[in-house]
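**Q**
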Amino acid sequence: MLKKDFDPRIVFYTTIGYIIAIGFANKYYQIIIILPFIFYQMKLFSADLNKLKRIFKYSIGLLLSMIFVNLLLMNKNIEYVFLSTFRLLTIILLVTSMVSKMEIREIGFVIEKMLSPLKIFKVPVDSIGVITALAFKFIPMLEEESKRIIIAQKARGIDYKLMNLKEKISNILTLFFPVVICGIQNAVNLAISMEVRGYGNGIKRTRLKDYKLEKKDYLYFFFTLIISILFILFCLFA
101 MLKKDFDPRI
111 VFYTTIGYII
121 AIGFANKYYQ
131 IIIILPFIFY
141 QMKLFSADLN
151 KLKRIFKYSI
161 GLLLSMIFVN
171 LLLMNKNIEY
181 VFLSTFRLLT
191 IILLVTSMVS
201 KMEIREIGFV
211 IEKMLSPLKI
221 FKVPVDSIGV
231 ITALAFKFIP
241 MLEEESKRII
251 IAQKARGIDY
261 KLMNLKEKIS
271 NILTLFFPVV
281 ICGIQNAVNL
291 AISMEVRGYG
301 NGIKRTRLKD
311 YKLEKKDYLY
321 FFFTLIISIL
331 FILFCLFA
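Sequential numbering of the sequence shown, starting at 101, is according to this note's numbering.
1) According to DSSP, simplified to helix, strand and coil, what is Asn175?
2) If you draw a straight line from the C-alpha of Tyr129 to the C-alpha of Leu189, how long is it?
3) Ordered along the chain, which non-local residues of its own chain (more than five positions away) have a Cβ less than 8 Å from that of Leu102?
4) Taking Ser159 and Ile192 to be in contact with their CB atoms under 8 Å, please state how far apart those CB atoms are, rounded to whole angstroms.
5) For Leu290 and Cys282, what's the separation of their Cα atoms in angstroms?
6) Would DSSP call Leu102 helix, strand or coil?
7) Quick one: give me the first and last residue of the alpha helix (DSSP H) that Thr306 is part of.
8) What does the alpha-carbon distance come out to for the pair Ser216 and Val230?
9) Determine the direct distance from the alpha carbon of Ile272 to that of Asn264, and round the result to whole angstroms.
10) Report buried or exposed for Gln285, applying the criterion of at least 16 other Cβ atoms within 10 angstroms of its Cβ.
11) I'd like to check one pair, Glu212 with Asp226: are the Cβ atoms closer than 8 Å?
12) With 16 other CB atoms within 10 Å as the buried threshold, where does Met142 fall?
13) Work out the CA separation of Gly208 and Tyr118 for me, nearest whole Å.
14) So, with DSSP's three-state summary, where would you put Lys143?
15) Between Val296 and Glu244, what straight-line distance do the alpha-carbon atoms span, to the nearest angstrom?
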């Protein structure tokens, strides 16, 4: 569970609130103003610094491609490009701090509660929550499988570190297809296991842990709500 046992719904909603607020920022100083509140939330939720470093490492290619496309292909000005990049980095910080301490079952629980109004229209919200949680579960599994395949290919003389960009692109299919096939096999095995254990039989299932909102959850939620609204108004009328 999260530090200080914050309800996962509060973690999710406050993160979404800050992300929406950042979307209204159109100046550098506006993002700098909200950064202390974001860092406070990261500290409050005890963000995993190692995971932050790893995600930033993987995000470098995305950020560089974003700068390239906006500058050279869309002819955007430099200020707009770097502001968009800065905004994206801030959002990555928020999302990473949210998921670094949330367990898979908590993610499914949050998605299910967020979509609960759709139950009126007979939408299978419970199934959507389970599927979303399982999708997050497969991410580290596929990452480990990718590392295993890369090591196996390196032993056979295919070393991506020694290739140029063109060679990496041409050889990426040798990595892509085995990972996809492995993911499909794991998904089929998991589906069979869940069916054997009674999932999908239409019976309402209980939870191992029941989440209840406490006073500190309400206080921090309203604190974040007020900060987000004030920040949006500041960005609109400053």
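C-beta atoms are modelled at their ideal positions from N, C-alpha and C, and glycine is treated no differently.
**A** Well, looking at it:
1) The residue labelled residue 175 in the question sits at position 75 within the sequence shown. In this structure, Asn175 counts as coil in the three-state DSSP scheme.
2) Here residue 129 refers to the residue found at position 29 when the sequence shown is read from its first residue. Here residue 189 refers to the residue found at position 89 when the sequence shown is read from its first residue. Approximately 15 Å between the Cα atoms of the pair.
3) Here the question's residue 102 lines up with position 2 in the sequence shown. With a pLDDT of only 41 at Leu102, under the threshold of 50, the placement of this residue in the model should not be trusted, and no figure is reported.
4) As a position in the sequence shown, residue 159 is number 59, starting the count at 1. As a position in the sequence shown, residue 192 is number 92, starting the count at 1. At roughly 6 Å, the Cβ-Cβ gap stays under 8 Å, so Ser159 and Ile192 are in contact.
5) Mapped onto the sequence shown, residue 290 falls at position 190. Mapped onto the sequence shown, residue 282 falls at position 182. Each residue's alpha carbon lies about 12 Å from the other.
6) Stepping through the sequence shown from its first residue, residue 102 is reached at position 2. With a pLDDT of 41 at Leu102, under the threshold of 50, the predicted position of this residue should be treated as unreliable, and no value is reported.
7) Counted from its first residue, the sequence shown places residue 306 at position 206. Here Thr306 belongs to no alpha helix (DSSP H), and DSSP marks it neither H nor E.
8) For the purposes of this step, residue 216 is taken as the residue at position 116 of the sequence shown. For the purposes of this step, residue 230 is taken as the residue at position 130 of the sequence shown. Distance from the CA of Ser216 to the CA of Val230, rounded to the nearest whole angstrom, comes to 13 Å.
9) Walking along the sequence shown from the start, residue 264 turns up at place 164. Walking along the sequence shown from the start, residue 272 turns up at place 172. Here the alpha carbons of Ile272 and Asn264 stand approximately 12 Å from one another.
10) Here residue 285 corresponds to residue number 185 of the sequence shown, with the count starting at 1. Around the beta-carbon of Gln285, fewer than 16 other beta-carbon atoms lie within 10 Å, marking it exposed.
11) Position 126 of the sequence shown, counting from 1, holds the residue named residue 226. Position 112 of the sequence shown, counting from 1, holds the residue named residue 212. Cβ distance < 8 Å, so Asp226 and Glu212 count as in contact.
12) Residue numbering aside, residue 142 sits at position 42 when the sequence shown is read from its first letter. Result: buried.
13) By 1-based counting over the sequence shown, the position of residue 118 is 18. By 1-based counting over the sequence shown, the position of residue 208 is 108. For Tyr118 and Gly208, the distance between alpha carbons rounds to 21 Å.
14) Position 43 of the sequence shown, counted from the start, is the residue given in the question as residue 143. Lys143: helix per DSSP, three-state reduction.
15) If you number the sequence shown from 1, residue 296 lands on position 196. If you number the sequence shown from 1, residue 244 lands on position 144. Near 27 Å, if we compare the C-alpha coordinates of Glu244 and Val296.
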